[in-house]
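A.B. asks: Under our numbering, the residues of the sequence shown are numbered 36 to 680, in order.
By construction, the Cβ of each residue, glycine as well, lies at the ideal position given by its N, Cα and C atoms.
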Amino acid sequence: MVSVQSLSINFGQRDLFTNLSFFIGEKDRIGLIGKNGAGKSTLMKIIAGRIGATSGQVLIPKEKTIGYLPQEMEHEEEASIIDEASRAFEEINILEEHITSLTEQLSERSDYESEGYNSLIQRLSEANDRMAILGGGNMEQQVQKVLQGLGFTAEDMNRQMKEFSGGWKMRVELAKLLLMQPNVLLLDEPTNHLDIESIEWLESFLKNYSGAIILISHDRVFLDTITNRTVEITGQKVHDIKAPYSKYMEWRAEDMERQEQAYKNQQKYIEDTQRNIDKFRAKKNKAAFAQSLIKKLDKMERLEIDTFENAQINFTFPSAPRSGKVVVKTDDLAKSFDKPVFKDVNLSIARQEKVAFVGKNGAGKTTLTRIILGEERAQGEMSLGHNVDIGYYAQNQSEQLDPSKTVFEVLDDEATGEIRTQLRALLGAFLFSGEDIDKKVSVLSGGEKARLALCKLLLHPYNLLILDEPTNHLDMRSKEMLKRALQQYDGTLIVVSHDRDFLSGLTELVYEVTPTGLKQYIGDIQEFLKEKRASSIAAYEADVQKQAVAKEEKSSNKRSYEERKEFERQKRKLTNAVGKSERSIEELESELAQLQEEISQLDYSNQEAADKVLNRFQERKKLLDETVEAWEQFTLELEELLESE
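1) Rank Glu289, Ala323, Lys606, Asp366 by C-alpha distance to the C-alpha of His379 and give the top, closest one.
2) Just grab the DSSP bridge partners of Ile407 for me.
3) Check each candidate in Val648, Leu630, Arg607 and name the one with the smallest Cα separation from Leu677.
4) Short check: CB of Ala520 to CB of Phe352, under 8 Å?
5) Can you pull the DSSP bridge partners for Asn45?
6) Less than 6 Å between C-beta atoms, sequence neighbours within five positions excluded: which residues of the same chain meet that for Leu462?
7) Taking the alpha-carbon positions, what's the Leu671 to Ala612 distance?
8) What would DSSP say about Phe187, mapped onto helix, strand or coil?
9) Does the segment 530-550 come within contact of the segment 506-518, defined as at least 3 CB pairs closer than 8 Å?
10) Of the choices Arg206, Phe652, Leu528, Phe350, whose alpha-carbon is the least far from that of Ala385?
11) Given Pro505, which residues of its chain have a CB within under 6 Å of its CB, disregarding the five upstream and five downstream residues?
12) So the beta strand (DSSP E) Tyr103 belongs to, where does it begin and stop?
13) If you draw a straight line from the C-alpha of Phe240 to the C-alpha of Gly482, how long is it?
14) Can you give me the C-alpha to C-alpha distance between Ala573 and Gly184, rounded to a whole angstrom?
15) Alpha carbon to alpha carbon, how far is Arg568 from Val579? Give it in angstroms, no decimals.
16) Given that a residue counts as buried once 16 or more other Cβ atoms are within 10 Å of its Cβ, and exposed if not, what is Asp275?
17) Just to confirm before moving on: does the CB-CB distance between Asn218 and Gly246 stay below 8 Å?
18) With DSSP as the reference, label Glu232 as helix, strand or coil.
19) Apart from the five residues just before and just after Thr662, which ones in its own chain have a Cβ nearer than 8 Å to its Cβ?
20) Using a threshold of 7 Å, is the CB atom of Ala391 nearer than that to any non-hydrogen atom of the ligand ADP?
21) Measuring alpha carbon to alpha carbon, tell me which residue in Leu250, Pro375, Asp424 is nearest Leu500.
22) State whether the segment 414-421 contacts the segment 357-373, with contact taken as three or more CB pairs (one from each stretch) at a distance under 8 Å.
23) Do you know how far the Cα of Asp660 is from the Cα of Asp63?
24) Anyone know if the C-beta pair for Met196 and Glu119 falls short of 8 Å?
25) Cα separation between Gln140 and Asp164?
26) Is the number of C-beta pairs between the segment 441-461 and the segment 486-503 that are closer than 8 Å three or more?
27) By the DSSP assignment, the alpha helix (DSSP H) with Lys374 in it spans what residues?
28) In this structure, does DSSP put Lys314 in helix, strand or coil?
29) Leaving out five residues before and five after Thr89 in sequence, what residues of the same chain have Cβ atoms less than 7 Å from its Cβ?
30) Does the structure place the segment 247-265 close enough to the segment 276-286 that three or more beta carbon pairs sit under 8 Å?
31) For Ile340, collect the residues of the same chain with a Cβ closer than 8 Å to its Cβ; drop the 5 residues on either side in sequence, then sort them by chain order.
32) Take Gly558 as the anchor and find which of Val390, Leu649, Gly426 has the nearest alpha-carbon.
33) Going by beta-carbon coordinates alone, are Ile231 and His508 separated by less than 8 Å?
34) Over what stretch of residues does the alpha helix (DSSP H) that includes Phe392 continue unbroken?
35) Could you pull out every residue in the same chain whose Cβ sits closer than 7 Å to the Cβ of Asp223, ignoring the five residues on either side in sequence?
36) Could you have a look at Val423 and say whether DSSP puts it in helix, strand or coil?
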């Protein structure tokens, strides 16, 4: 569908990537990965047509649409939430006019066998198909469904955009994109600012999405749930493997071992050959042999090992001074701004407990942590235990760093005592080394600022850490190291996060912050999610039970002999059709996997050969889609037949 061909981009003397090529199929689910600064977001902008490449091209069929969710965007501040989201249907309005025009043209013609008439029929059919995908008949219902799935309430629909924070505005932009249903969906960190429930809703939506998806994310669970193919950008080449992130990383580690072994073997061969050359080149009767070895070495393609970003922060928190047995206690805590945030919050956190605060955005998680810190006032009572010393990491902690200071100065200005002698080693553990420590904060990336803000927490031995969304802007390896350090931390921990992979195995209690108080879940985030799903489907299970009883009663009525005979015949026919389709799908997927491998290694200098492979891939992909569609229809008919039994 979309072909990325020999893309290169450079900024001044720096090559971001060179000669990058890969193919995007109609229903591909691609996780785009690479080290920070590899050019992932830049590549998305090129595919979306926002910026141009230094060389190369992106080939997009004229009828295909591209939807792009950047990390930063602009909005109509005076518009209501529902009106802003409804701008997604501009394509539907254009389609309606197009369909009306085509219908009028057809009604005025009588040359039913002509090529022109058939062309109009084809264009009308394509327009109606696109309209069916976009769901033109129930636009308002679709808008509300998507907005509510992303966390907005019915009361929010008519509020103006300017009343909401940047995170909520991003959700509106995401809603617009999902409602547009482009053929290719480009999502750059879509889970930023989403709570756990909204992330799970988005996962469910994307799993059933009709088009292709390219996704940049530092959320391992999200990547593994959505994607079935991983494309890694490195300076030298693209690694393109049909596997989600975790499986890809296993393959990548094995591939690095293979490369290193092959490199060692080649180096040994070169050394042995050079030794023979040195040994024989001075001997008259062996000179020709030595020359042949020299030519052989000259012609040899020297192996290089891919760069693989394996640097990671490596630290432990200082040992926590002993605090009182009860660290935080609240009684009937309540908080209101313009409207109530929460009430009846009763909480008791013991020494060395590790707890997570979760809940919908706006439920008051950050507000509750600020009350514990003494930065917000509230009704009710809140007290800290004996000798409690709090270290705090805020959502916007990295933005509060002084941009005029250097990395080293940020720590040097706050460090006291013996730790001052260890600042360079401490910064090195957070991947700031050499000239990096003299960089101004103003030029650091979001991830670098987040690492520096976390590094500040190690300057003092706190016995209560409160971390509010600490994984924002951290790459996956940095998140893993932070999680490991927190697991080893011997103080008390309160963490606010929507990152399921980060929370899993980290905390022993989960508190859900709701408008009517706290709900406690014993265990980590997985236990919380399990119980939440169970409570939300209780009504559904009761309905299933009723349907089962009704089905039993219906099946008790005996069919006539002829009905039973016809039933069995249809059952055999559909069962065979389903089995045949499944075998065809398996064969086609295997063939496509081989073609995908060929595509990843295509030499686009031979355009004719490249086009042949790409066309073959498109043909087989189209056949696979048709076969899957037929399999779904056969399966549906078989299920309906069995239900009627």
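C.D. replies: In terms of the structure at hand:
1) One-based indexing of the sequence shown puts residue 379 at position 344. It should be pointed out that residue 379 corresponds to Asp in this sequence rather than to His. Minimum Cα distance to Asp379 is reached at Asp366.
2) Here residue 407 refers to the residue found at position 372 when the sequence shown is read from its first residue. DSSP, once it has assigned bridges, lists no residue as partnering Ile407.
3) The residue labelled residue 677 in the question sits at position 642 within the sequence shown. Of the candidates Val648, Leu630, Arg607, the one whose C-alpha sits nearest the C-alpha of Leu677 is Arg607.
4) Position 485 of the sequence shown, counting from 1, holds the residue named residue 520. Position 317 of the sequence shown, counting from 1, holds the residue named residue 352. Yes, the Cβ-Cβ distance between Ala520 and Phe352 is below 8 Å.
5) Sequence index remark: in the sequence shown, residue 45 carries index 10 (1-based). Per DSSP, Asp50.
6) On the sequence shown, position 427 is the one that residue 462 refers to. Cβ within range, chain order: Ile472.
7) Translated into positions along the sequence shown, residue 671 becomes position 636. Translated into positions along the sequence shown, residue 612 becomes position 577. Using only the alpha carbons, I get a separation of about 12 Å.
8) In the sequence shown, counting from the first residue as 1, residue 187 sits at position 152. It is coil, neither helix nor strand.
9) yes
10) Translated into positions along the sequence shown, residue 385 becomes position 350. Of the candidates Arg206, Phe652, Leu528, Phe350, the one whose C-alpha sits nearest the C-alpha of Ala385 is Leu528.
11) Residue 505 sits at position 470 when you count from the first residue of the sequence shown. So the qualifying residues of the chain are Tyr428.
12) By 1-based counting over the sequence shown, the position of residue 103 is 68. 101-104 is the extent of the beta strand (DSSP E) around Tyr103.
13) By one-based count along the sequence shown, residue 240 stands at place 205. By one-based count along the sequence shown, residue 482 stands at place 447. Each residue's alpha carbon lies about 29 Å from the other.
14) The residue given as residue 573 occupies position 538 in the sequence shown. The residue given as residue 184 occupies position 149 in the sequence shown. With a pLDDT of 48 at Ala573, under the threshold of 50, the predicted position of this residue should be treated as unreliable, and no value is reported.
15) Position 544 of the sequence shown holds residue 579. Position 533 of the sequence shown holds residue 568. Bear in mind that the predicted position of Val579 carries a pLDDT of just 45, short of 50, making it unreliable; the figure below should be weighed with that in mind. Distance between the alpha carbons of Val579 and Arg568: 16 Å.
16) Counted from its first residue, the sequence shown places residue 275 at position 240. It counts as buried.
17) Here residue 218 refers to the residue found at position 183 when the sequence shown is read from its first residue. Here residue 246 refers to the residue found at position 211 when the sequence shown is read from its first residue. Result yes, Cβ atoms of Asn218 and Gly246 sit closer than 8 Å.
18) Here the question's residue 232 lines up with position 197 in the sequence shown. Helix, per DSSP.
19) In the sequence shown, counting from the first residue as 1, residue 662 sits at position 627. Cβ within range, chain order: Ser616, Ser619, Ile620, Leu623.
20) Summarising the ligand content, the structure contains no ligands, and the ligand ADP is consequently not present.
21) Taking the first residue of the sequence shown as 1, we reach residue 500 at position 465. Closest option to Leu500, Cα to Cα, is Asp424.
22) yes
23) The sequence position of residue 63 within the sequence shown is 28, counting from 1. The sequence position of residue 660 within the sequence shown is 625, counting from 1. The alpha-carbon atoms of Asp63 and Asp660 are separated by roughly 12 Å.
24) For this step, residue 196 is matched to residue 161 along the sequence shown. For this step, residue 119 is matched to residue 84 along the sequence shown. Cβ atoms of Met196 and Glu119: closer than 8 Å.
25) Position 105 of the sequence shown holds residue 140. Position 129 of the sequence shown holds residue 164. One C-alpha to the other measures close to 19 Å.
26) yes
27) Here residue 374 is taken as the residue at index 339 of the sequence shown, counted from 1. Neither: Lys374 is in no alpha helix (DSSP H) and is coded neither H nor E.
28) In the sequence shown, counting from the first residue as 1, residue 314 sits at position 279. Helix at Lys314.
29) Taking the first residue of the sequence shown as 1, we reach residue 89 at position 54. The residues are Ser43, Ile44, Asn45.
30) yes
31) By 1-based counting over the sequence shown, the position of residue 340 is 305. If we look at Ile340 and ignore the five residues flanking it on each side, its Cβ neighbours are Met291, Gln294, Glu295, Tyr298.
32) Sequence index remark: in the sequence shown, residue 558 carries index 523 (1-based). Cα-wise, what sits closest to Gly558 is Val390.
33) Residue numbering aside, residue 231 sits at position 196 when the sequence shown is read from its first letter. Residue numbering aside, residue 508 sits at position 473 when the sequence shown is read from its first letter. No, they are not a contact pair.
34) In the sequence shown, the residue the question calls residue 392 occupies position 357. Not the alpha helix (DSSP H): Phe392 falls in the beta strand (DSSP E), residues 389-393.
35) Residue numbering aside, residue 223 sits at position 188 when the sequence shown is read from its first letter. Result list for Asp223: Ser76, Met79, Leu104, Pro105, Gln106, Ile251, in chain order.
36) Within the sequence shown, residue 423 is the residue found at index 388, counting from 1. Reduced to three states, the DSSP call for Val423 is coil.
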